[in-house]
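Q: Protein sequence lines, in the order shown, are assigned to chains A and B.
Quick note: the first sequence, position 43, residue 43 per my numbering, numbers continuous.
Quick note: the second sequence, position 82, residue 82 per my numbering, numbers continuous.
Even for Gly, the Cβ is constructed at its ideal location relative to N, Cα and C.
No experiment lies behind these values; they were computed from the predicted model shown.
Could you have a look at this structure, given as structure tokens, before my questions?
Number of protein chains: 2
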Amino acid sequence: MTRPLSVAVAGLGTVGAGVLTVLRDNAELVAARAGRPIAVTAISARDRSRDRGVPLGGLRWYDDPVALAADPAVDVVVEVIGGSEGPARELVRAALEQRKPVATANKALMAVHGAELAALAERAGVPLAFEAAVAGGIPVIKALREGLAANRISRVAGILNGTCNYILTVMRERGREFAEVLADAQKLGYAEADPSFDVDGIDAAHKLAILAALAFGRPVAFEAVHVEGIRAISALDIGFAGEFGYRIKLLGIARQTEGGIEARVHPCMVPQASPLAGVDGVFNAVVAEGDFVGRVMLEGRGAGAGPTASAVVADLIDIARGRTTPVWGAASGALSDAPSVPMSEHFGAYYLRLMVVDRPGVIADVTAVLRDSGISLESMLQRGRAPGESVPVVLVTHETNEAAMRAALLRIAALDAVLEAPTLIRIEPA
Amino acid sequence: MTRPLSVAVAGLGTVGAGVLTVLRDNAELVAARAGRPIAVTAISARDRSRDRGVPLGGLRWYDDPVALAADPAVDVVVEVIGGSEGPARELVRAALEQRKPVATANKALMAVHGAELAALAERAGVPLAFEAAVAGGIPVIKALREGLAANRISRVAGILNGTCNYILTVMRERGREFAEVLADAQKLGYAEADPSFDVDGIDAAHKLAILAALAFGRPVAFEAVHVEGIRAISALDIGFAGEFGYRIKLLGIARQTEGGIEARVHPCMVPQASPLAGVDGVFNAVVAEGDFVGRVMLEGRGAGAGPTASAVVADLIDIARGRTTPVWGAASGALSDAPSVPMSEHFGAYYLRLMVVDRPGVIADVTAVLRDSGISLESMLQRGRAPGESVPVVLVTHETNEAAMRAALLRIAALDAVLEAPTLIRIEPA
């Protein structure tokens, strides 16, 4: 058999250790599929003494990850340090400059610096692979970039953050509030000590930016993604969602509209019968709609050592076999220049929940604002009677424009009888 | 831009015409993703006069499809004639012998002659691509062969025949019998005039043989697949399935067991909450379970001109980019020699429905047979009372061995009070 492919792994957290484990446990099978053995020969991590559950003997150890790129015995660099800046970025740049293929699990890096890195990879003529950056072990990058490559994609949507999906699932199943469920998730290790990247939607936005670039064949544009997280979702709204036949999910959605590409991450009400509504817990799922293939859905585990390492090693097998694809699906010069559409131009239906004083005339005032803004109502629900006290009122609108909705919302929030900041959740067909 | 990839298409049925349509409608996008234009230059079909909805002017026309392989201006051959023997097989052989890459949608050919053709492709050093052979537009071949390549797969299961899934879905939704729904499906064009390939499970078995070879990295073995169709499924059983919390689906399942690889296509009772239970109508879905990735599911349209052509053109883009994979995921010499396990060694739970005379002692006789065969019952249901008349009795067993179950079934069928051939449906965890 041919000489082994010599791999350097930068970062020995759960994913890095997972990559070593897969390559050790499935060595024979990986060699058969790759056409040659794949062997880790060099590593870099901060702490040399920590036990990571995998033997590290015989490997060249570098304190500086960037030095891995210069090791002449290294064929391929795996970057699983994370973060859009610092050593991760420097290492990937250095490796590509050395004409070494790279496999990374780093969504932040690809979302923020993906265009620059693609140019580097193109110049060097080497692959920059990142299957693990989106939806863990689900081969969604490969599906969009190769499997569905014959299609014009009109929409890609997904549950891209397992932490948020887990929290929303538990909130629904147990009728509990966000803060409590988050605290429990942190104890269980499903959420980070600083949960902001996950619960504020940033992680999902990184992934959506990558999916949108691939689906629509244009340069990655993280800054154009509209981002909202799930902190404002309450058990009350999850209950109302159920009554209206919806589930609340944090979705990333990118869509081809007449004006360009719309890309957004926010909580959505999705019909209970839609495929994404049934994806619960830590699972991820991505739906793509193509002009010839129709709707395709992929579902699986979006995080964790095993699934993520599975994707990294799949990239290494591709590299070993010489299977390469331009980073964003086509050469930089062949990418589309479709503009991004700002969120203010979004068109869709809305769920609006107010806490109002239960007294005559309040509903008339609220609906008058909507009427004056040209927004028509599909349904309205007022639950309970408590004269003079606070009661929830739910309004579901027909499709309307985001800017109009936002303006109406400001006027509604300013009404005397409206007691809290209103909750606005967009309704997504699926 | 580089010279176009010159493609010959053999067979201009719905799929062949679909390939021409995709390559025409999405020409620019396909060229960007393939790195060069992809142009059909030669075709072969029986009837020159039929209108196929796509312009055929300027294309070289061959009456004999096999002649396409010898056309020196043809770079790649697309085979969408169908059938495991005859011109399809001859053309693919001839093209590979001419060292021309082939893309085929032909599941029968790949299931029956896939080992021989893989050897030819390997000798010639050219790709033999067949994404369209399984699950239409869903990139399941690519997912198994590349995306999940780092994993040891323990089980692959799927809804692989849209016609059967459509019939079973309508039977359940409308409470109708197989023969009526089949007749309607034929009128609507969802079932062939001769429906045997679909409803007797042969089409699904071709696809399962392909999936099993890829999942377990061993030579394709169609003859080892146990095959049963859906003709014996009655509205009565579908109703009982619902009462027990199941849905009836025709599944193809391949599993690594202690003794080797088990591969089978038959109607299954699957729990209503399992992912495959929710896949209705003409949709297909495939679930794969890997040691690191966990469970991954892919779902979409498994047939039709658009989805199938989407897969064929994806293969052409791979070929244009030079992305190749050994036919069965690894070189012939590196494939596993895991034996096939006969159906008699299957181990699982069973649903058994009898029509018996409603008189004392019948249940005792039936359960005595099961007891004597070492088969234990999980539950039993007798519906209605009609002394001296025929009533249904349903028995659900705990896990047991197929051979024991079959032997018990013969003895039960021979009982005086058992009026019709019993219905046996295997219960599948999901």
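1. Kindly say whether A/Met297, judged by its beta-carbon, lies nearer than 9 angstroms to any beta-carbon of chain B.
2. Could you give the uninterrupted runs of the beta strand (DSSP E) lying entirely in the segment 299-374 of chain B, keeping only those of 3 residues or more?
3. List, in chain order, every chain A residue whose beta-carbon is nearer than 9 angstroms to that of B/Val313.
4. What are the partner residues of B/Gly294, as DSSP defines its beta bridges?
5. Kindly list, in the order they appear in chain A, the residues whose Cβ is closer than 7 angstroms to that of B/Asp318.
6. Measuring alpha carbon to alpha carbon, tell me which of B/Gly294, B/Leu23 and B/Asp237 ends up nearest B/Val433.
7. Does A/Thr324 have its Cβ less than 9 angstroms from a Cβ in chain B?
8. Taking C-beta pairs closer than 9 angstroms, name the residues in chain B that A/Arg301 reaches, listed in chain order.
9. Over what stretch of residues does the alpha helix (DSSP H) that includes A/Gln186 continue unbroken?
10. Which residues mark the beginning and the end of the beta strand (DSSP E) in which B/Ala77 is found?
11. Between the alpha carbons of A/Lys100 and B/Val74, how many angstroms are there, rounded?
12. Per DSSP, B/Leu5 forms a beta bridge with which residues?
13. Kindly indicate if chain A contains any beta-carbon less than 9 angstroms away from that of B/Arg247.
14. When you compare the CB positions of A/Lys142 and B/Pro127, do they come within less than 9 angstroms of one another, or not?
15. What residue ranges within the segment 120-195 of chain B form continuous alpha helix (DSSP H) runs of no fewer than 4 residues, ordered along the chain?
16. The alpha helix (DSSP H) with A/Gly242 in it runs from where to where?
17. Can you look up A/Gly252 in the DSSP assignment and give me helix, strand or coil?
18. Three-state secondary structure (DSSP) at A/Pro65?
19. Would you check if the distance between the CB atom of B/Asp194 and the CB atom of B/Cys164 is smaller than 9 angstroms?
20. Considering only C-alpha positions, which residue in the set A/Leu251, A/Arg383 and A/Ala133 is nearest to A/Ile159?
21. Starting from the C-beta of A/Glu470, find all residues in its chain whose C-beta is less than 7 angstroms away, skip the five residues before and the five after it, and write them out in chain order.
22. List the endpoints of the continuous alpha helix (DSSP H) containing B/Ile202.
23. Considering only their Cβ atoms, is the gap separating B/Val77 from B/Ala8 smaller than 9 angstroms?
24. Does the distance from the C-beta atom of A/Gly281 to that of A/Gly162 stay below 9 angstroms?
25. If we call anything under 9 angstroms between Cβ atoms a contact, is A/Ala10 one with A/Pro87?
26. If you run the structure through DSSP and keep just helix, strand and coil, what is A/Gly58?
27. Specify the secondary structure class of A/Leu419 as computed by DSSP and reduced to three states.
28. What does B/Val22 reach in chain A if we use C-beta pairs closer than 9 angstroms?
29. Could you give the C-beta distance for B/Ser154 and B/Asp337, rounded to a whole number, given that I count them as a contact under 8 angstroms?
30. According to DSSP, is A/Leu12 helix, strand or coil?
31. Since A/Val156 meets chain B, which of its residues come closer than 7 angstroms, beta carbon to beta carbon?
32. Going by beta carbon distance, what residues of the same chain come within less than 8 angstroms of A/Arg231, once the five residues before and after it are set aside?
33. Pairing CB atoms from the segment 240-250 of chain A with CB atoms from the segment 263-279 of chain A, are three or more of them under 8 angstroms?
34. Give me the residue from A/Ala224, A/Gly278 and A/Ala212 with the minimum Cα distance to A/Arg255.
35. What do you reckon, are the CB atoms on B/Ala205 and B/Phe222 nearer than 9 angstroms?
36. Between the Cα of A/Ser84 and those of A/Arg218, A/Gly114 and A/Ser6, spot the shortest distance and give me the residue it belongs to.
A: Short version:
1. Counting from 1 along the first sequence, the entry for residue 297 of chain A is found at position 297. Answer yes: the Cβ-Cβ gap between A/Met297 and chain B drops below 9 angstroms somewhere.
2. 347-357
3. Walking along the second sequence from the start, residue 313 of chain B turns up at place 313. Here the neighbours are Ala149, Ala150, Asn151 and Phe292.
4. Here residue 294 of chain B refers to the residue found at position 294 of the second sequence. Beta-bridge pairing links B/Gly294 to B/Gly290.
5. The residue labelled residue 318 of chain B in the question sits at position 318 within the second sequence. The contacting residues are Glu146.
6. The first residue shown for chain B is 1 and the last is 430, placing residue 433 of chain B beyond what the model contains.
7. Along the first sequence, one-based indexing puts residue 324 of chain A at 324. Chain B contact via Cβ: present.
8. For the purposes of this step, residue 301 of chain A is identified with residue 301 of the first sequence, where counting begins at 1. In chain order: Val293, Gly294, Arg295 and Val296.
9. For the purposes of this step, residue 186 of chain A is taken as residue 186 along the first sequence, with counting starting at 1. From DSSP, the alpha helix (DSSP H) with A/Gln186 extends over Phe178 to Leu188.
10. Within the second sequence, the letter at position 77 stands for residue 77 of chain B. Checking the displayed sequence, the identity of residue 77 of chain B turns out to be Val instead of Ala. Looking at the DSSP string, the run of the beta strand (DSSP E) that includes B/Val77 is Val76 to Glu79.
11. Stepping through the first sequence from its first residue, residue 100 of chain A is reached at position 100. Stepping through the second sequence from its first residue, residue 74 of chain B is reached at position 74. Cα to Cα, A/Lys100 sits roughly 35 angstroms from B/Val74.
12. Numbered from 1 along the second sequence, position 5 holds the residue referred to as residue 5 of chain B. B/Leu5 is bridged to B/Ile38.
13. On the second sequence, residue 247 of chain B is found 247 positions in, with the first residue counted as 1. Judged by the 9 angstroms Cβ criterion, B/Arg247 is not in contact with chain A.
14. Counted from its first residue, the first sequence places residue 142 of chain A at position 142. Counted from its first residue, the second sequence places residue 127 of chain B at position 127. In this structure, B/Pro127 does not lie closer than 9 angstroms to A/Lys142 by Cβ.
15. 162-174 and 178-188
16. Within the first sequence, numbered from 1, the residue matching residue 242 of chain A stands at position 242. Note, A/Gly242: alpha helix (DSSP H), Ala235 to Glu243.
17. Reading the first sequence from its first residue, position 252 is the one you call residue 252 of chain A. It is a strand residue.
18. As a first step, residue 65 of chain A is located in the first sequence; it is residue number 65 there, counting from the start. Of the three classes helix, strand and coil, the one that applies to A/Pro65 here is helix, per DSSP.
19. As a first step, residue 194 of chain B must be located in the second sequence, where it is residue number 194. As a first step, residue 164 of chain B must be located in the second sequence, where it is residue number 164. For B/Asp194 and B/Cys164, no; Cβs fall outside 9 angstroms.
20. Position 159 of the first sequence, counted from the first residue, corresponds to residue 159 of chain A. A/Ile159 has its Cα closest to that of A/Leu251, out of A/Leu251, A/Arg383 and A/Ala133.
21. Nothing in the structure corresponds to residue 470 of chain A, since chain A is present only between 1 and 430.
22. Here the question's residue 202 of chain B lines up with position 202 in the second sequence. Taken as a continuous stretch (DSSP letters only), the alpha helix (DSSP H) holding B/Ile202 covers Ile202 to Phe216.
23. Here the question's residue 8 of chain B lines up with position 8 in the second sequence. Here the question's residue 77 of chain B lines up with position 77 in the second sequence. In contact: B/Ala8 and B/Val77 (Cβ atoms closer than 9 angstroms).
24. Position 281 of the first sequence, counting from 1, holds the residue named residue 281 of chain A. Position 162 of the first sequence, counting from 1, holds the residue named residue 162 of chain A. In this structure, A/Gly162 lies closer than 9 angstroms to A/Gly281 by Cβ.
25. As a working note, residue 10 of chain A is residue 10 in the first sequence. As a working note, residue 87 of chain A is residue 87 in the first sequence. Taking 9 angstroms as the Cβ cut-off, A/Ala10 and A/Pro87 qualify as a contacting pair.
26. By one-based count along the first sequence, residue 58 of chain A stands at place 58. Three-state DSSP puts A/Gly58 in coil, outside helix and strand.
27. The residue labelled residue 419 of chain A in the question sits at position 419 within the first sequence. The answer is coil: DSSP assigns A/Leu419 none of H, G, I, E or B.
28. Counting from one through the second sequence, the residue named residue 22 of chain B turns up at place 22. Near B/Val22 (Cβ distances below 9 angstroms), the residues of chain A are Ala150, Asn151, Asp291 and Phe292.
29. Walking along the second sequence from the start, residue 154 of chain B turns up at place 154. Walking along the second sequence from the start, residue 337 of chain B turns up at place 337. Wrong, their Cβ atoms sit about 18 angstroms apart, outside the cutoff.
30. The residue labelled residue 12 of chain A in the question sits at position 12 within the first sequence. Looking at A/Leu12 - three-state DSSP - the assignment turns out to be coil, as it is neither helix nor strand.
31. Walking along the first sequence from the start, residue 156 of chain A turns up at place 156. Those within 7 angstroms of A/Val156 in chain B number zero; the least Cβ separation is about 14 angstroms.
32. To locate residue 231 of chain A, count along the first sequence from 1; it is residue 231. So the qualifying residues of the chain are Phe178, Val199 and Asp200.
33. yes
34. Counting from one through the first sequence, the residue named residue 255 of chain A turns up at place 255. Checking every option, the nearest Cα to that of A/Arg255 belongs to A/Ala212.
35. Reading the second sequence from its first residue, position 205 is the one you call residue 205 of chain B. Reading the second sequence from its first residue, position 222 is the one you call residue 222 of chain B. Closer than 9 angstroms, so yes.
36. Position 84 of the first sequence, counting from 1, holds the residue named residue 84 of chain A. It is A/Gly114 whose Cα lies nearest to the Cα of A/Ser84.
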